[in-house]
Amino acid sequence: MTVTDVRKDPTALTMEIVSEFGAPIERVWQLVADPRQLERWWGPPTHPATFTDFDLVPGGRVSYFMTGPEGEKYHGWWRVREVSPPDLLEVQDGFADDDNEPNPDLPVNIMRLEFATVGAVTRMTIRSTFPTIEAMEQTLAMGAEEGMKAALGQIDGLLAA
Amino acid sequence: MVVDELTDDDIDRIFRALADRTRRDIVRRTMREDASVSGLARRYDMSFAAVQKHVAVLARADLVTKRRRGREQLVRSNPDTVHRAQQLLDQLESTWRDRLDRLGDLLDDTDSESEQP
Numbered sequence: 243m244t245v246t247d248v249r250k251d252p253t254a255l256t257m258e259i260v261s262e263f264g265a266p267i268e269r270v271w272q273l274v275a276d277p278r279q280l281e282r283w284w285g286p287p288t289h290p291a292t293f294t295d296f297d298l299v300p301g302g303r304v305s306y307f308m309t310g311p312e313g314e315k316y317h318g319w320w321r322v323r324e325v326s327p328p329d330l331l332e333v334q335d336g337f338a339d340d341d342n343e344p345n346p347d348l349p350v351n352i353m354r355l356e357f358a359t360v361g362a363v364t365r366m367t368i369r370s371t372f373p374t375i376e377a378m379e380q381t382l383a384m385g386a387e388e389g390m391k392a393a394l395g396q397i398d399g400l401l402a403a
Numbered sequence: 022m023v024v025d026e027l028t029d030d031d032i033d034r035i036f037r038a039l040a041d042r043t044r045r046d047i048v049r050r051t052m053r054e055d056a057s058v059s060g061l062a063r064r065y066d067m068s069f070a071a072v073q074k075h076v077a078v079l080a081r082a083d084l085v086t087k088r089r090r091g092r093e094q095l096v097r098s099n100p101d102t103v104h105r106a107q108q109l110l111d112q113l114e115s116t117w118r119d120r121l122d123r124l125g126d127l128l129d130d131t132d133s134e135s136e137q138p
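This is how it looks when you write it as structure tokens:
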């Protein structure tokens with residue numbers, strides 16, 4: 243895997259990251275379209291993801307949760323906007339309550355994944371767009387919380403040693 | 022506060038401030054609009070003094086600002102600009118780079134498995 247390009251536009255609140263994989267497009271698509279494979283890379287090792295609903299059709303719903311080291315769960319959802327195997331997936335990506343219902347008070351971002359065969363490699367372009375800086379901040383603060391907890395756990399470990 | 026200029030003491034303050042669930046919630050809640058200390062106290066079912074302590078910890082870490090309006094004390098997350106957006110995008114980039122690393126490893130793993138007799 244090689245990251246070949248990263249474009250960030252702070253005024254458009256958009257990030258695009260382009261990467262290339264030495265595998266056929268169908269194989270790379272499966273890593274996203276097969277929930278058992280997706281959950282092996284979506285969450286960090288400290289917070290593995292489990293996908294429950296997985297309906298990759300337009301308007302379809304995907305639900306998942308990430309489990310922290312102390313068993314705490316963070317719920318998320320996707321709503322499929324566009325899907326065209328093995329080239330394209332665009333979803334709304336948001337947070338859910340503990341009962342798995344989308345939380346309307348929390349921000350939603352648009353995530354678009356495009357796949358293309360370029361010579362001998364598969365190119366994946368990921369584009370994330372946020373409606374507002376507050377939404378972006380809130381989304382990342384919630385993700386960072388998990389990382390922060392993991393970091394704090396490590397600090398505790400060091401202190402105990 | 023510019024990230025490059027954070028001292029170890031600053032980072033300690035930020036980590037400690039964010040290590041508490043209520044304080045993280047205060048930061049999130051006051052991103053879009055001001056909240057009064059008394060309003061937060063009602064929401065968390067805490068004493069005014071307890072919330073005030075949390076807010077003081079956040080303010081020392083520069084995560085929120087406080088101002089007075091009459092008898093009320095209002096709290097707001099620190100206003101962020103394009104520079105902050107850039108930092109957030111950097112953070113998003115690193116989240117995705119981590120994911121892509123795992124994705125690449127996964128491909129390598131399954132490829133080598135399928136090559137075995």
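In the order they appear, the protein sequences are chains B and F. For the first sequence, position 31 (counting from the first letter as 1) is numbered 273 according to the working numbering, and the numbering increases by one without interruption. For the second sequence, position 39 (counting from the first letter as 1) is numbered 60 according to the working numbering, and the numbering increases by one without interruption. C-beta atoms are modelled at their ideal positions from N, C-alpha and C, and glycine is treated no differently.
Quick one: is the Cβ of residue 326/B within less than 6 Å of any heavy atom of the ligand FMN?
Among the components of this structure there are no ligands whatsoever, and the ligand FMN is therefore not found.
Let's see if you can read the secondary structure: which residues bound the beta strand (DSSP E) around residue 336/B?
Here the question's residue 336/B lines up with position 94 in the first sequence. 330-338 is the span of the beta strand (DSSP E), which, as asked, contains residue 336/B.
Against chain B, with Cβ distances strictly below 7 Å, would residue 5/F count as a contact?
Since the displayed chain F opens at 22 and closes at 138, residue 5/F lies outside it and no answer follows.
Between the beta-carbon of residue 109/F and the beta-carbon of residue 379/B, is there less than 7 Å?
Taking the second sequence and counting its residues from 1, the one referred to as residue 109/F is at position 88. Taking the first sequence and counting its residues from 1, the one referred to as residue 379/B is at position 137. Against a cut-off of 7 Å, the Cβ pair of residue 379/B and residue 109/F comes out as a contact.
Given a cut-off of 7 Å, decide if residue 44/F and residue 75/F are closer than it, judged by their beta-carbon atoms.
Counting from 1 along the second sequence, the entry for residue 75/F is found at position 54. Counting from 1 along the second sequence, the entry for residue 44/F is found at position 23. Yes. Within cutoff.
So the alpha helix (DSSP H) residue 319/B belongs to, where does it begin and stop?
Taking the first residue of the first sequence as 1, we reach residue 319/B at position 77. Residue 319/B -> not in any alpha helix (DSSP H); beta strand (DSSP E) instead, spanning 315-326.
Could you pull out every residue in the same chain whose Cβ sits closer than 7 Å to the Cβ of residue 390/B, ignoring the five residues on either side in sequence?
If you number the first sequence from 1, residue 390/B lands on position 148. Model confidence at residue 390/B stands at a pLDDT of 46, short of 50, so the residue's coordinates are unreliable and nothing is read from them.
Inside the stretch 82-130 of chain F only - beta strand (DSSP E) runs reaching at least 3 residues
85-90, 93-98
Would DSSP call residue 69/F helix, strand or coil?
Residue numbering aside, residue 69/F sits at position 48 when the second sequence is read from its first letter. Three-state result, residue 69/F: helix.
Chain F contacts made by the stretch 285-312 of chain B, where a contact means CB separation under 7 Å
286
How about residue 265/B: is its C-beta nearer than 7 Å to some C-beta of chain F?
Locating residue 265/B in the first sequence gives position 23, counting from the first residue. It does; some Cβ of chain F falls within 7 Å.
Which first and last residues belong to the beta strand (DSSP E) in which residue 363/B is found?
Here residue 363/B is taken as the residue at index 121 of the first sequence, counted from 1. Its beta strand (DSSP E) spans residues 363-371.
Could you name the residues of chain F that residue 368/B contacts, counting a contact when the two beta carbons are closer than 8 Å?
The residue given as residue 368/B occupies position 126 in the first sequence. Within chain F, the residues near residue 368/B are 117.
Measure the C-alpha to C-alpha separation of residue 263/B and residue 125/F and round it to an integer number of angstroms.
Here residue 263/B refers to the residue found at position 21 of the first sequence. Here residue 125/F refers to the residue found at position 104 of the second sequence. Taking the straight line from one Cα to the other gives about 7 Å.
What does residue 109/F reach in chain A if we use C-beta pairs closer than 7 Å?
The chain labelled as chain A is not found among the protein chains of the depicted structure, namely B and F.
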